[in-house]
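Under this note's numbering, residues 24 to 431 are what the sequence shown spells out, in order.
C-beta: ideal position from N, C-alpha, C; glycine also.
Given the structure is predicted, the values throughout are model-derived calculations rather than measurements.
Have a look at the structure below before the remarks.
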Amino acid sequence: MEKLIEKVILVGVSETSGADAEESLHELYELAKTAGAETVGRVIQTREYEHPTTYVGSGKLEEIKELIEATGATGIICDDELTPSQMNNMSKILDTKVMDRTVLILDIFAGRAKTQEGKIQVELAQLRYSLTRLAGYGKSMSRLGGGIGTRGPGETKLESDRRVVKNRISKLKAELKEIVKHRTVTRARRERSNIPVLAIVGYTNAGKSTLLNSLTDSEVLSEDKLFATLDPTTRKYELNSGEEVLLTDTVGFIDKLPHHLIEAFKSTLEEAKYSDIIVHVVDASDPEAYAKMDVVYDTLHSLDVEGRPVITLFNKCDVAGLNHGYKDIRAYKSINISARTGLGIDEFNKAIEDILAERKVEIKRTFPFTEAGKIQLIRKTGKLLIEDYREDGIYVEAYVPRETAGRL
Numbered sequence: 024m025e026k027l028i029e030k031v032i033l034v035g036v037s038e039t040s041g042a043d044a045e046e047s048l049h050e051l052y053e054l055a056k057t058a059g060a061e062t063v064g065r066v067i068q069t070r071e072y073e074h075p076t077t078y079v080g081s082g083k084l085e086e087i088k089e090l091i092e093a094t095g096a097t098g099i100i101c102d103d104e105l106t107p108s109q110m111n112n113m114s115k116i117l118d119t120k121v122m123d124r125t126v127l128i129l130d131i132f133a134g135r136a137k138t139q140e141g142k143i144q145v146e147l148a149q150l151r152y153s154l155t156r157l158a159g160y161g162k163s164m165s166r167l168g169g170g171i172g173t174r175g176p177g178e179t180k181l182e183s184d185r186r187v188v189k190n191r192i193s194k195l196k197a198e199l200k201e202i203v204k205h206r207t208v209t210r211a212r213r214e215r216s217n218i219p220v221l222a223i224v225g226y227t228n229a230g231k232s233t234l235l236n237s238l239t240d241s242e243v244l245s246e247d248k249l250f251a252t253l254d255p256t257t258r259k260y261e262l263n264s265g266e267e268v269l270l271t272d273t274v275g276f277i278d279k280l281p282h283h284l285i286e287a288f289k290s291t292l293e294e295a296k297y298s299d300i301i302v303h304v305v306d307a308s309d310p311e312a313y314a315k316m317d318v319v320y321d322t323l324h325s326l327d328v329e330g331r332p333v334i335t336l337f338n339k340c341d342v343a344g345l346n347h348g349y350k351d352i353r354a355y356k357s358i359n360i361s362a363r364t365g366l367g368i369d370e371f372n373k374a375i376e377d378i379l380a381e382r383k384v385e386i387k388r389t390f391p392f393t394e395a396g397k398i399q400l401i402r403k404t405g406k407l408l409i410e411d412y413r414e415d416g417i418y419v420e421a422y423v424p425r426e427t428a429g430r431l
């Protein structure tokens with residue numbers, strides 16, 4: 024059976040009618056396309072602030088109504104999170120399905136979640152969002168029928184009964200708590216191993232998964248789509264020096280990322296908080312790269328991810344060229360790379376090694392043969408310079424993290 028494609032009109036409110044407004048609607052267009060919708064019209068209302076009851080004002084609603092009739096649109100998507108009354112009023116006046124940016128992003132996440140944790144987080148965010156919108160939704164809820172805004176993880180239909188929703192939220196929070204507890208144990212075990220952790224962050228579709236695949240020869244889903252990766256992926260990576268690190272890919276950030284989503288995904292996003300180095304991937308071919316870099320830094324700040332050295336990788340330089348003009352003064356180091364061709368990867372390796380070297384101490388000592396396992400720990404977490412087997416034991420000269428030195 025062929026899947027029904029929804030035809031939508033994109034609607035935004037902007038103080039100016041310039042490039043910023045167009046760029047925001049273009050991103051909404053990409054989100055709609057990712058969700059499987061066809062955009063048949065765009066409307067931008069130029070005003071200082073959103074209309075409190077109808078988002079765009081009654082005059083603009085009439086214009087949208089005419090556009091719906093002319094294009095055969097089955098719904099509209101607004102570029103901001105609507106209040107329950109705005110959504111209800113617009114739905115009544117336009118007599119069509121009304122969605123907002125939050126509904127759209129949550130819908131995409133529902134389709135992308137693969138792990139049990141991811142599915143729980145998405146459903147939790149959807150239910151929290153819908154809880155404030157159940158009362159008085161009336162006819163507008165029935166207009167949703169199917170499609171965007173009605174799908175839970177795994178194409179299940181979202182619940183609309185308030186009591187059932189509250190019970191479901193409690194159950195999901197309890198399940199998520201158990202998963203977070205397990206992750207905390209895993210993280211503690213990882214910290215004891217002293218293998219450095221690098222969190223790969225960036226705006227959605229900047230090329231994070233392509234980078235992870237290129238470095239580790241793995242096959243993480245990598246598509247030219249928004250939010251191709253949702254569930255965090257961790258891979259082991261060996262630097263040119265032979266030292267091992269762990270690379271963790273995270274969900275892409277986006278402007279106006281729904282609050283409910285940040286809350287639900289906090290445990291996953293906190294992988295960045297407990298990392299040793301932040302790797303910030305930026306699409307150097309994107310004319311809006313600076314604005315998107317700000318979104319990433321603002322999101323990291325909201326997650327209380329501070330005090331970590333940042334390596335910014337200006338990716339897609341095979342497309343943008345090396346003279347793209349972007350810099351990141353907030354980073355420890357900025358490097359031009361191409362995850363696709365391998366350009367700049369050696370320089371990236373060197374930057375990681377330099378940061379890790381600052382945290383290391385020199386050791387010169389002889390280990391008894393019964394402690395040969397400690398040599399393996401040195402090899403995994405530091406730089407082994409001399410390993411000499413002598414009559415009285417194994418003489419070692421090496422640079423190791425302070426944490427490792429305390430365990431030798």
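Pair within 8 Å by beta-carbon distance, residue i and residue j
i: G230; j: V145; result: no
i: I100; j: G59; result: no
i: V224; j: I171; result: no
i: A421; j: K406; result: yes
i: Y297; j: R210; result: yes
i: L129; j: I87; result: no
i: G134; j: R186; result: no
i: L147; j: I192; result: yes
i: V63; j: K83; result: no
i: G279; j: R124; result: In the sequence under discussion, the amino acid at residue 279 is Lys, which differs from the Gly named in the question. Yes, the Cβ-Cβ distance between K279 and R124 is below 8 Å.
i: Y355; j: I375; result: no
i: N228; j: G275; result: yes
i: V121; j: L150; result: no
i: D103; j: L48; result: no
i: I285; j: Y226; result: no
i: H283; j: Y152; result: yes
i: T119; j: K30; result: no
Three-state secondary structure assigned by DSSP to residue i
i: R363; result: coil
i: A343; result: helix
i: E198; result: helix
i: R413; result: strand
i: I171; result: coil
i: V79; result: coil
i: I358; result: strand
i: K120; result: strand
i: F288; result: coil
i: E61; result: strand
i: D377; result: helix
i: L54; result: helix
i: Y349; result: coil
i: G159; result: A caution first: G159 carries a pLDDT of 44, below 50, which makes its placement in the model unreliable, though a value can still be read off. It is coil, neither helix nor strand.
i: T106; result: coil
i: V328; result: coil
i: E29; result: coil
i: R430; result: coil
i: N217; result: coil
i: Y313; result: helix
i: I152; result: Note on residue identity: the sequence assigns Tyr, not Ile, to residue 152. Note: Y152 maps to helix in three-state DSSP.
i: E266; result: coil
Cross-strand partners of residue i (DSSP beta bridge)
i: I91; result: Per DSSP, none; premise fails for I91.
i: G387; result: According to the sequence provided, residue 387 is Lys. The question's Gly does not apply to it. In DSSP, K387 forms a bridge with E420.
i: V34; result: V66 and C101
i: T257; result: T271
i: V302; result: I223 and I334
i: H49; result: Partner(s): none; H49 has no beta bridge.
i: K406; result: Y422
i: H282; result: Beta-bridge pairing links H282 to no other residue.
i: F276; result: Y226
i: H74; result: Y78
Own chain residues within Cβ distance below 7 Å of residue i, not counting five before or after
i: K403; result: I218 and E267
i: N372; result: L262 and N263
i: P176; result: A133, A136, K142, V145 and E146
i: L155; result: Checking the sequence, you will find Thr at residue 155 rather than Leu. Only P107 meet the Cβ criterion.
Close beta carbons around residue i, own chain, < 8 Å, minus the five adjacent residues each side
i: T398; result: Strictly speaking, residue 398 in this sequence is Ile, with Thr absent from that position. Cβ within range, chain order: F390, L407, E410, I417 and V419.
i: R413; result: T389
i: I301; result: L221, A222, V224, A295, L323, V328, R331, P332, V333 and I334
i: L90; result: I32, G64, V66 and A96
i: L195; result: I143, E146, L147 and L150
i: L51; result: L33, G35, I100, D102, R124 and L127
6 Å CB neighbourhood of residue i in its chain, flanking five on each side removed
i: E198; result: I143
i: R382; result: P424
i: L238; result: Y260
- Would you check if the region 312 to 322 and the region 258 to 267 touch, i.e. whether three or more CB-CB distances between them fall below 8 Å? no
- the region 41 to 48 / the region 106 to 122 touching (three or more Cβ pairs under 8 Å): no
- Quick one: any contact between the region 346 to 363 and the region 380 to 387, if contact means 3 or more CB pairs under 8 Å? no
- Message: Would the region 339 to 348 count as touching the region 321 to 331 if we require 3 or more Cβ pairs under 8 Å?
- Response: Under the three-pair Cβ rule at 8 Å, the region 339 to 348 does not count as touching the region 321 to 331.
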